[in-house]
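Reviewing the structure listed below.
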Amino acid sequence: MVTISLKQSNADTWTVRRCQIALFSDLKLGPAINLAREIARDEHQRMGREVCVEMPGPTSTIVLAHYVNGDVPDAAAAMAA
Numbered sequence: 002m003v004t005i006s007l008k009q010s011n012a013d014t015w016t017v018r019r020c021q022i023a024l025f026s027d028l029k030l031g032p033a034i035n036l037a038r039e040i041a042r043d044e045h046q047r048m049g050r051e052v053c054v055e056m057p058g059p060t061s062t063i064v065l066a067h068y069v070n071g072d073v074p075d076a077a078a079a080m081a082a
């Protein structure tokens, strides 16, 4: 499974990462989430891989999207959208 994650850079900005590689940085939270989901959808559609989008939460990781065998995110991720 490929993981696209959001990491807080400072109080106001976020970095979008694929595995441990920073893809985009200095983004506000909303645009960072949208971009991470777009990257995950594209990876899933092009390569057919399972892709997860996640960010750190106050006590555990929050899954924002999880693309599996279909082109639609799973139910938990759909509710978060």
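Mapping of the sequence shown onto the numbering used here: residues 2 to 82, in sequence order. Even glycine gets a Cβ: it sits at the ideal position worked out from N, Cα and C. These numbers come from a predicted model, not from an experiment.
**OP:** Drop a sphere of 10 angstroms on the beta-carbon of M56, count the other beta-carbons inside from all chains shown, and report buried for 16 or more, exposed for fewer.
**Re:** On the sequence shown, residue 56 is found 55 positions in, with the first residue counted as 1. Buried, since its Cβ has 16 or more Cβ neighbours within 10 Å.
Subject >> Which of helix, strand or coil DSSP assigns to E39 >> reply: By 1-based counting over the sequence shown, the position of residue 39 is 38. Note: E39 maps to helix in three-state DSSP.
Original post:
With a Cβ-Cβ cutoff of 8 Å, do A33 and W15 count as a contact?
Top reply: Sequence index remark: in the sequence shown, residue 33 carries index 32 (1-based). Sequence index remark: in the sequence shown, residue 15 carries index 14 (1-based). Their beta carbons are under 8 Å apart, which means A33 touches W15 by this criterion.
**OP:** Using the Cα positions of V52 and Y68, report the straight-line distance between them to the nearest angstrom.
**Re:** Taking the sequence shown and counting its residues from 1, one reaches residue 52 at position 51. Taking the sequence shown and counting its residues from 1, one reaches residue 68 at position 67. The straight-line gap from Cα to Cα measures roughly 5 Å.
Subject >> Beta-carbon spacing of L65, A23 below 8 Å >> reply: In the sequence shown, counting from the first residue as 1, residue 65 sits at position 64. In the sequence shown, counting from the first residue as 1, residue 23 sits at position 22. No, these two residues do not count as a Cβ contact at 8 Å.
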